[in-house]
Amino acid sequence: MTTAASAAAMPLLAACDDKAKPKTDDTAKPKPAAGPPLTFPDGFAWGAATSAYQIEGGATADGRGPSIWDTFSHTPGTIADGSNGDVACDHYHRWESDLDLCKQLGLHSYRFSIAWPRIRPDGRGAVNQKGLDFYKRLVDGLHQRGIAPLATLFHWDLPQKLQDQGGWENRDCAKWFADYADVVFTALGSSVPTWLTINEPKTIVQVGYTFGTMAPGKADPVAAAVAMHHLALAHGLAVRAYRDSGASGRIGAALNLAPAYPATAGDEAATKAAAIADAVENRAYLDPIFKKAYPTDFIESLDEGVRTALQGAIKDGDLATIGATVDLLGVNYYNPVFVDANGRYQTIKPTSAASWEQIYPQGLEDLLVRLHRDYGDLPLVITENGIPDPAAADQDHGRIAYLRDHLAAAQRAIQSGVRVEGYHVWSLLDNFEWAQGYTQRWGIVHVDFASQTRTPKPSATWYRDVIARNGLAAGD
Ligand code: FCB
């Protein structure tokens, strides 16, 4: 990747913003190769993931309020194909057959997100019972099918009314989030065994606030720094609300983490730059939660104005709140970063059809082992991993190879003692891929958006067999 941070410049964002931009197909598609059988531990949770705005549709159904993604996607020029999530996979109306599909695949766990604007259409104030009822039905439907619900409280769809009041730049937003979380915990707390607070704060900070190519569309590093801290605070306040609710399940965050390597192995300057990139990509989000501190090298790497803004946002007691004990960590893994001597990101591995996604399965093993080493013996759940495969629905063999190689990497980490409890492929369904609209198909199940027909792809059948045998077969 070429658009990256230099160690000297403001690297709050660091990653390239390709996630938000239309790209040509430069997919590398390895063919499935023979390998030894790899079995996973008993009880390993095989899952699939989705998020509310990407699949639900029903944008105004039953009192849902607008979110920043409704606003953003309806703004001309923001989405590659000019589309939006108004209908998406129409999951709001088709959830029962979608859950049947999950059962047919043999999923043990289904990760979904709850839309804040369905629960509180204005973000705060009146609770919309019909919104809560939707998720109650969904959770009940999962239990009826023997599938464990894994619920994310926030997957980027901030109520627009809160954005109008400053959104994540407003410190109060952290409290509004905890208030919303409390409503959800009261309604669903005991029926959902595992909760995730905020999905990928880094993407919000980097792409939503620094590049501005995803909602809320700000290109303002100072705002990004402030939002970053308030997102962390929101996580901590929600964990506190969960403990106060008395619910007996588990809670953690879902972080997208990217192991950082020097582009040239052994190069001293590139190795140093990779350490900064590691701070920006990983430790800046991990350390507040697990060490009650922002990494010093991260703070030092910021431009003065950005550093001052971040430090100004941190109030007494915040880091103790953010560092409240969590029960697990959700790990979204898509790509590593390779950094040259000038701190610039380099694309040195093949990418998927999403050009920000370098394919490097070894990075997942390295990441999991490192989390275990540096952050303790915490249960890790892979909450997202996958690729868009542009091939026709009946030919997504590139995806099978990708999933196989990443599962093998996770299995190696497990063999070396890391507590990896589960894996969720991104995604169950083709869906609205944010600023890429419907141009990238990330699902193991094909969706014909005109007819809303679902057709499992070869990867879905392959994954079903992996689940059934609790591992990879020889030759997978
Ligand atoms: C992750 C997001 C998810 C989806 C995948 C491809 O960063 O959490 O919603 O967009 O990327």
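FYI, the numbering for the sequence shown is 5 to 480, going by the numbering used here. Here a beta-carbon is modelled for each residue, glycine too, at the ideal position from N, C-alpha and C.
Coarse secondary structure for residue i, derived from DSSP in three states
i           : result
residue 422 : coil
residue 199 : strand
residue 63  : coil
residue 468 : helix
residue 49  : strand
residue 34  : Unreliable placement is indicated for residue 34, whose pLDDT of 45 sits below 50; the coordinate value is still reported in the next sentence. In the structure shown, residue 34 sits in coil (DSSP, three-state: anything other than H, G, I, E or B).
residue 243 : helix
residue 388 : strand
residue 349 : strand
residue 427 : strand
residue 463 : helix
residue 411 : helix
residue 225 : helix
residue 398 : helix
residue 301 : helix
residue 458 : strand
residue 169 : coil
residue 237 : helix
residue 403 : helix
residue 1   : Coverage of the chain is limited to positions 5 through 480, which leaves residue 1 absent and any answer about it impossible.
residue 480 : coil
residue 362 : strand
residue 268 : coil
residue 254 : strand
residue 417 : helix
residue 444 : coil
Expected contact under 8 Å - CB spacing of residue i and residue j to nearest Å
i           : j           : result
residue 101 : residue 89  : About 19 Å separates the two Cβ atoms, so there is no contact after all.
residue 387 : residue 335 : 6 Å
residue 189 : residue 155 : The Cβ separation is near 10 Å, so there is no contact.
residue 180 : residue 255 : 18 Å between Cβ atoms; not a contact.
residue 109 : residue 464 : 6 Å
residue 4   : residue 196 : Absent from the structure is residue 4, since the part of the chain shown begins at 5 and ends at 480.
residue 40  : residue 405 : Rounded, the Cβ-Cβ distance is 16 Å, inconsistent with contact.
residue 264 : residue 282 : 4 Å
residue 252 : residue 194 : 7 Å
residue 323 : residue 299 : Their Cβ separation, rounded to whole angstroms, is 12 Å, which puts residue 323 and residue 299 out of contact at 8 Å.
residue 400 : residue 462 : 6 Å
Alpha helix (DSSP H) segment containing residue i, residue limits
i           : result
residue 275 : 272 to 282
residue 143 : 133 to 148
residue 1   : Because residue 1 is not part of the residues shown, which for the chain are 5 to 480, the question remains open.
residue 183 : 176 to 192
residue 263 : Run containing residue 263: none; DSSP gives neither H nor E here.
residue 334 : No alpha helix (DSSP H) holds residue 334; the beta strand (DSSP E) holding it covers 332 to 336.
residue 209 : Careful: residue 209 lies outside any alpha helix (DSSP H) and carries neither H nor E.
residue 312 : 308 to 317
residue 288 : 288 to 295
residue 367 : 365 to 379
Run of the beta strand (DSSP E) containing residue i, from where it starts to where it stops
i           : result
residue 153 : 152 to 158
residue 341 : 341 to 343
residue 452 : 449 to 452
**Study point:** Segments of 4+ residues assigned as alpha helix (DSSP H) that fall wholly inside the segment 70 to 144
**Key:** 72 to 77, 95 to 109, 120 to 123
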